[in-house]
Amino acid sequence: MWLGRVLSTPLPNENVVFYLRRHWFTFFLETVHYLLLLAIPLVFAWVVSTYLPERWLFFFDGGLKEILIKLVVSIYYFAIWVFFCTSWIDFYLDVWLVTNERIIAIEQRGLFNRIHNELHLSRVEDVTCEVKGVFATLFNYGDIIIQTAGMEQNSIFREVPNVYKINEQIIKLADTWRKNNTSNTIRQSHKS
Amino acid sequence: MLTDFNFTIPYWVFLIPYGIIMLLLTIFIVINLFHLLHYAFMSPVAIFTTFLLIAGTVFILFVFYYFLSSFDWQREISFSNSNINSFYPF
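If you read the sequences in order, they're chains X and F.
The first sequence begins at 2 in the working numbering and counts up one residue at a time.
The second sequence begins at 426 in the working numbering and counts up one residue at a time.
Structure, rendered in structure tokens:
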């Protein structure tokens with residue numbers, strides 16, 4: 002696994018349990034939207050050139066009208082490419098890491114907003130999952146909300162796959178961590 | 426009182442706002458590239474994506490250049506109050 006940037010300073014005996022990204026289907030849905038946007042001018046051009054050929058010739062006569070249309074269309078297509086790339090970066094740079102010690106959430110929101118949230122397992126109070134919508138139900142992805150003790154911000158894993166299994170595993174990890182550390186504390190107090 | 430005016434604007438003037446918008450969008454691409462190189466751990470997917478992002482952008486800009494270079498950008502639109510109908514951009 003390529004974890005250098007995410008887990009740059011691992012704790013002693015820290016092992017990665019889950020390395021999560023958003024479900025691939027969420028990006029597929031975004032791609033379909035962009036493909037539809039790509040198709041709109043093509044469909045429009047086909048309809049006009051087929052059913053209104055005199056209109057087509059009026060606009061595409063090699064003059065200023067054609068120039069302006071082509072400038073606008075090229076801006077439109079380049080903008081779609083740019084926003085598609087931004088969506089990919091947004092998708093690819095959202096990473097959630099669950100180790101046997103902590104939870105690391107890294108979220109890229111647009112071009113100028115990046116969130117790095119780290120939460121120790123001892124702070125985990127409650128873990129809930131939410132599967133909302135037809136596709137989420139079919140493809141088994143959804144949000145996992147990790148509620149924390151105190152004033153710390155809740156951690157949310159967005160649109161991750163296998164929500165129920167991961168939800169269960171995080172609860173188990175937090176319980177295991179508490180058991181291990183409680184027994185260690187008791188042992189240490191007995192020694193002293 | 427209106428004074429007589431008669432002036433022309435070459436087609437290439439439209440390339441100025443076009444260039445500004447394309448430049449802004451290209452800056453967005455550069456920022457995306459920066460995010461990818463700076464924050465993504467260099468996995469094969471990230472390397473492939475970086476290549477695709479650069480290659481795709483260059484290809485798209487080249488296609489636009491190819492289509493737009495076929496126009497005669499030195500042609501002019503004329504504006505005149507002596508013959509208002511001389512303005513025939515459309």
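Glycine is no exception: its CB is placed at the ideal position from the N, C-alpha and C atoms.
These figures come from a predicted structure and were not determined experimentally.
Item checked: Reference residue 17/X, options 111/X, 100/X, 174/X, 131/X, closest by Cα -> Residue 17/X sits at position 16 when you count from the first residue of the first sequence. Each of 111/X, 100/X, 174/X, 131/X was checked against the Cα of residue 17/X, and the nearest Cα belongs to 100/X.
Next item on the list: Tell me, please, which residues DSSP counts as bridged to residue 503/F.
Entry: Your numbering for residue 503/F matches position 78 in the second sequence. Paired residue(s): 433/F.
Next item on the list: Run the proximity test for residue 120/X: is its beta-carbon closer than 8 angstroms to any non-hydrogen atom belonging to the ligand ZN?
Entry: The ligand ZN is not part of the structure shown, which contains no ligands of any sort.
Margin query: Tell me which residues share the same chain as residue 30/X and place their Cβ nearer than 8 angstroms to its Cβ, disregarding the 5 neighbours each side in the sequence.
Written below: Position 29 of the first sequence, counted from the first residue, corresponds to residue 30/X. Only 136 meet the Cβ criterion.
Next item on the list: Can you grab the Cα-Cα spacing for the pair residue 123/X / residue 154/X, in whole Å?
Entry: Mapped onto the first sequence, residue 123/X falls at position 122. Mapped onto the first sequence, residue 154/X falls at position 153. One C-alpha to the other measures close to 14 angstroms.
Check: Are the beta-carbon atoms of residue 436/F and residue 502/F separated by less than 9 angstroms?
Finding: As a position in the second sequence, residue 436/F is number 11, starting the count at 1. As a position in the second sequence, residue 502/F is number 77, starting the count at 1. Yes, Cβ-Cβ distance for residue 436/F and residue 502/F is below 9 angstroms.
Margin query: From the DSSP secondary-structure annotation, give me the bridge partner or partners of residue 129/X.
Written below: By 1-based counting over the first sequence, the position of residue 129/X is 128. Within the DSSP secondary-structure output, residue 129/X pairs in a beta bridge with 146/X.
Margin query: If you reduce the DSSP assignment to three classes, tell me which class residue 10/X lands in.
Written below: Residue numbering aside, residue 10/X sits at position 9 when the first sequence is read from its first letter. In this structure, residue 10/X counts as coil in the three-state DSSP scheme.
Check: Should residue 48/X be labelled buried (16 or more other beta-carbon atoms within 10 Å of its own) or exposed?
Finding: Looking up residue 48/X in the first sequence gives position 47. Exposed is the label assigned to residue 48/X, since fewer than 16 other Cβ atoms lie within 10 Å of its Cβ.
Checklist line | residue 92/X versus residue 24/X - alpha carbon distance | finding: Within the first sequence, residue 92/X is the residue found at index 91, counting from 1. Within the first sequence, residue 24/X is the residue found at index 23, counting from 1. Looking at the two C-alpha atoms, the distance is approximately 9 angstroms.
Margin query: So residue 72/X contacts chain F; which residues on that side make the cut at Cβ distance below 7 angstroms?
Written below: Here residue 72/X refers to the residue found at position 71 when the first sequence is read from its first residue. Contact note: residue 72/X reaches chain F through 439, 443, using a C-beta cutoff of 7 angstroms and chain order.
Note to self: Tell me the rounded alpha-carbon separation between residue 35/X and residue 55/X.
What the structure shows: Residue numbering aside, residue 35/X sits at position 34 when the first sequence is read from its first letter. Residue numbering aside, residue 55/X sits at position 54 when the first sequence is read from its first letter. If you take the alpha carbons of residue 35/X and residue 55/X, they lie about 31 angstroms apart.
Notebook entry, point to check: With a cut-off of 9 angstroms, does the C-beta of residue 465/F fall near any C-beta of chain X?
Noted result: As a working mapping, residue 465/F is identified with position 40 in the second sequence. Yes, residue 465/F counts as interfacial toward chain X.
Item checked: Local conformation of residue 109/X per DSSP, three classes -> For the purposes of this step, residue 109/X is taken as the residue at position 108 of the first sequence. In the structure shown, the three-state DSSP call for residue 109/X is strand.
Notebook entry, point to check: Would residue 454/F be called buried (16 or more neighbouring beta carbons within 10 Å of its own) or exposed?
Noted result: Walking along the second sequence from the start, residue 454/F turns up at place 29. Residue 454/F counts as buried, since no fewer than 16 other beta carbons sit within 10 angstroms of its beta carbon.
Check: Could you give the distance in angstroms between the alpha-carbon of residue 473/F and the alpha-carbon of residue 89/X?
Finding: Locating residue 473/F in the second sequence gives position 48, where the first residue counts as 1. Locating residue 89/X in the first sequence gives position 88, where the first residue counts as 1. Cα to Cα, residue 473/F sits roughly 13 angstroms from residue 89/X.
Notebook entry, point to check: Since residue 120/X is in the alpha helix (DSSP H), which residue starts that stretch and which ends it?
Noted result: Looking up residue 120/X in the first sequence gives position 119. Careful: residue 120/X lies outside any alpha helix (DSSP H), inside the beta strand (DSSP E) at 115 to 121.
Next item on the list: Over the uninterrupted beta strand (DSSP E) stretch that includes residue 160/X, give me the two end residues.
Entry: Counted from its first residue, the first sequence places residue 160/X at position 159. Run containing residue 160/X: 156 to 162, per the beta strand (DSSP E) assignment.
Check: Which residues of chain C have a Cβ atom closer than 8 angstroms to the Cβ of residue 105/X, listed in chain order?
Finding: You won't find chain C in this structure, because its protein chains are X and F.
Next item on the list: Pick out the complete beta strand (DSSP E) segments inside the segment 63 to 102 of chain X, 3 residues or longer, and give them in chain order.
Entry: Counting only runs of 3 or more, we get 96 to 100.
Item checked: Distance, residue 175/X Cα to residue 183/X Cα -> Translated into the one-based positions of the first sequence, residue 183/X becomes position 182. Translated into the one-based positions of the first sequence, residue 175/X becomes position 174. Cα-Cα distance, rounded: 12 angstroms.
Item checked: Interface residues of chain X facing residue 478/F [CB-CB closer than 9 angstroms] -> On the second sequence, residue 478/F is found 53 positions in, with the first residue counted as 1. Within 9 angstroms Cβ-Cβ: 86, 89, 90.
Checklist line | Cross-chain neighbours of residue 382/F in chain X, by beta carbon under 9 angstroms | finding: Outside the displayed range of chain F (426 to 515) lies residue 382/F, so it cannot be described from this structure.
Checklist line | Interface residues of chain X facing residue 434/F [CB-CB closer than 7 angstroms] | finding: For this step, residue 434/F is matched to residue 9 along the second sequence. By Cβ distance, chain X contributes nothing, its closest Cβ being about 10 angstroms from residue 434/F, past 7 angstroms.
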